[in-house]
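Asker: Provided herewith is a single structure, encoded as structure tokens, for subsequent inquiry.
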Amino acid sequence: MNLADALRSAIEPDRVREQVPLAQSTTLKAGGTADLVVSAHSVGDVVAVQRLASLHGAPVAVLGAGSNLIVADDGVRGIVLRVDGLAWTDIDGDLATIGAGTMNAHAVRAMHKAGYVGAEFLALVPGQFGGSVAMNAGTRWGELSDVLDAVTIVTAAAEVQRLTLGDLKPAYRHGGVPVGAVVVSGVIRVERGDAATARERVREEKRYRGQTQPYQEPCFGSSFANPPGDAAGRLIEAVGAQGVALGRRGDQREARELHRELERRDRAGSCRIDGVGAQVRSRRNRYRAASGGSCVWV
Ligand SMILES: Cc1cc2nc3c(=O)[nH]c(=O)nc-3n(C[C@H](O)[C@H](O)[C@H](O)COP(=O)(O)OP(=O)(O)OC[C@H]3O[C@@H](n4cnc5c(N)ncnc54)[C@H](O)[C@@H]3O)c2cc1C
């Protein structure tokens with residue numbers, strides 16, 4: 001039995017699709033086709049996918065909300081696993097358990113509705129909870145590792161494991177999730193508090209971000225981490241590495257321009273992300289050299 005049929009016999013057949021274009025599943029709205037896309041609705045589904053992938057020697061790539069990745073023009077071989085079906089937020093005392101497929105904003109909304117506060121920064125990150133664990137997502141208000149207690153993963157060997165923050169050892173925009181593992185849920189610390197004020201603070205920050213960041217345009221967020229004591233956008237401009245980036249949000253605009261370039265190439269009938277990636281890489285190298293090697297590409 002081939003891999004697609006084996007997957008169809010292990011989980012609901014209509015949740016296994018072949019030759020699926022991925023562009024519309026990423027915020028950049030570009031990229032190729034996946035051989036197989038599987039939608040998991042339970043931890044058992046994820047275990048089945050990992051087991052069959054390993055049996056057939058097929059790679060597994062997890063696609064969350066697609067807000068921090070570039071799909072290659074040539075697409076993705078093997079299995080693209082979606083965990084949108086693992087979407088829930090359960091609050092018990094001062095711990096909230098969140099399914100990997102939950103949109104961050106929904107998790108924070110559920111928290112506020114139950115009268116809890118404590119992870120408002122998550123509402124500003126336009127990804128799923130699992131993707132945000134993988135990226136140790138954060139804002140100037142804090143990052144996931146500040147509130148994360150533990151995660152449940154399914155390893156590449158199809159074992160369900162619970163890892164604590166100490167096991168993960170997260171770093172800046174790097175969650176420390178073992179290679180090949182799929183995050184299925186995580187537990188964060190929350191506390192009873194003034195949810196109405198917290199909700200309003202989130203609203204205000206979203207308004208501000210809406211004015212200063214290209215949420216409505218195809219992009220994948222910031223390209224560079226802020227170096228200690230400085231701002232990436234300012235440095236990019238200071239060293240003339242911005243190419244087309246303008247203004248104090250230079251790093252954001254670089255991502256926006258990347259998409260414009262893609263659109264231009266698409267109209268010309270040759271939308272090649274890889275070529276544009278080389279342009280971005282060359283700007284990154286100039287930036288890194290000029291910033292004394294302190295730049296971090298995120
Ligand atoms: C306009 C805009 C603003 C942004 N602002 C911020 C910000 O302020 N702070 C910030 O940190 N990020 C920001 N981002 C980036 C992005 O939203 C975050 O990195 C987010 O956490 C990615 O989640 P995702 O579900 O979209 O992951 P994806 O982009 O789908 O995936 C990212 C990586 O995580 C892996 N992954 C996804 N889900 C899982 C899983 N369940 N198990 C294991 N691995 C998984 C993927 O394989 C991939 O390697 C922004 C992006 C945009 C477009």
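Take the sequence shown: its position 267, counting from 1, is numbered 267 in the working numbering, and each next residue is one higher.
Glycine included, each C-beta is placed from N, C-alpha and C at the ideal position.
Short check: CB of Val60 to CB of Gly180, under 8 Å?
Answerer: In contact: Val60 and Gly180 (Cβ atoms closer than 8 Å).
Asker: Return the chain-ordered list of same chain residues with a C-beta closer than 8 Å to the C-beta of Val190, the five sequence neighbours on each side being excluded.
Answerer: Correct list, in chain order: Ile91, Asp94, Leu95, Ala96, Met111, Tyr116, Val117, Gly118, Ala119 and Val147.
Asker: Could you check the C-alpha separation between Thr152 and Val62 for me, to the nearest Å?
Answerer: The alpha-carbon atoms of Thr152 and Val62 are separated by roughly 15 Å.
Asker: Excluding the five sequence neighbours on either side, which residues of its own chain have a C-beta within less than 8 Å of the C-beta of Ser9, listed in chain order?
Answerer: Only Met1 meet the Cβ criterion.
Asker: Can you tell me whether Thr26 is helix, strand or coil according to DSSP?
Answerer: Residue state, collapsed to three classes: coil.
Asker: Evaluate Gly57 with the Cβ neighbour count: other Cβ atoms within 10 Å of its Cβ, from every protein chain shown; 16 or more gives buried, anything less gives exposed.
Answerer: Exposed, since its Cβ has fewer than 16 Cβ neighbours within 10 Å.
Asker: Report the residue from Phe121, Lys113, Asp84 and Ala114 whose alpha carbon sits nearest the alpha carbon of Met103.
Answerer: Of the candidates Phe121, Lys113, Asp84 and Ala114, the one whose C-alpha sits nearest the C-alpha of Met103 is Asp84.
Asker: My understanding is that Phe301 touches Ile98, with C-beta atoms under 8 Å, so please give their C-beta distance in whole angstroms.
Answerer: With the chain covering only 1 through 298, there is no way to say anything about residue 301.
Asker: With which residues is Ser185 paired in a DSSP beta bridge?
Answerer: Its beta-bridge partners are Gly99 and Thr152.
Asker: Does DSSP classify Leu63 as helix, strand or coil?
Answerer: Reduced to three states, the DSSP call for Leu63 is strand.
Asker: Helix, strand or coil for Val244? Go by DSSP, reduced to three states.
Answerer: Low confidence applies to Val244: its pLDDT is 38, below 50, so where it sits in the model is not reliable, and the reading given next is rough at best. If DSSP states are grouped into helix, strand and coil, Val244 belongs with coil.
Asker: Closer than 8 Å is the cut-off here; do at least three beta carbon pairs connect the region 194-205 with the region 150-170?
Answerer: No: fewer than three Cβ pairs fall under 8 Å.
Asker: Can you tell me the Cβ-Cβ gap for Ala65 and Gly127, rounded? I've got them flagged as a contact below 8 Å.
Answerer: With a Cβ gap of about 5 Å, Ala65 and Gly127 count as contacting.
Asker: For Arg82 and Val49, which I take to be in contact (beta-carbon distance under 8 Å), what is that distance rounded to the nearest angstrom?
Answerer: The Cβ separation is near 10 Å, so there is no contact.
Asker: State yes or no: is the C-beta of Tyr215 nearer than 7 Å to some heavy atom of ligand 1?
Answerer: The answer is yes for Tyr215.
Asker: Do you know whose CA, among Thr33, Arg207, Ser54 and Leu7, lies nearest Asp73's CA?
Answerer: Taking only the C-alpha atoms, the option nearest Asp73 is Thr33.
Asker: Tell me Gln128's beta-bridge partners as DSSP assigns them.
Answerer: Met103.
Asker: Over what stretch of residues does the alpha helix (DSSP H) that includes Asp167 continue unbroken?
Answerer: Unbroken alpha helix (DSSP H) run through Asp167: Leu165 to Leu168.
Asker: List the endpoints of the continuous beta strand (DSSP E) containing Gly78.
Answerer: From DSSP, the beta strand (DSSP E) with Gly78 extends over Val76 to Arg82.
Asker: How is the alpha helix (DSSP H) around Arg203 delimited, first residue to last?
Answerer: Ala195 to Thr212 is the span of the alpha helix (DSSP H), which, as asked, contains Arg203.
Asker: Among Gln213, Ser145, Tyr208 and Leu52, whose alpha-carbon lies nearest the alpha-carbon of Glu159?
Answerer: Among Gln213, Ser145, Tyr208 and Leu52, the Cα nearest to that of Glu159 is on Leu52.
Asker: If you run the structure through DSSP and keep just helix, strand and coil, what is Asp94?
Answerer: If DSSP states are grouped into helix, strand and coil, Asp94 belongs with coil.
Asker: Is it the case that the CB of Val182 approaches a heavy atom of ligand 1 more closely than 7 Å?
Answerer: Result yes, Cβ under 7 Å from ligand 1.
Asker: Considering only C-alpha positions, which residue in the set Asp35, Val47, Gly210 and Arg109 is nearest to Val313?
Answerer: Because the chain is modelled from 1 through 298, residue 313 falls outside the range shown and cannot be assessed.
Asker: Per DSSP, which residues does Leu301 bridge with? Please list them.
Answerer: Outside the shown range of the chain, which is 1 to 298, sits residue 301, and nothing can be said about it.
Asker: If you follow the alpha helix (DSSP H) that Gln50 is in, where does it begin and where does it stop?
Answerer: Unbroken alpha helix (DSSP H) run through Gln50: Val43 to His56.
Asker: Could you tell me the distance, in whole angstroms, from the CA atom of Ala107 to the CA atom of Gly101?
Answerer: Answer to the nearest angstrom: the Cα atoms are 10 Å apart.
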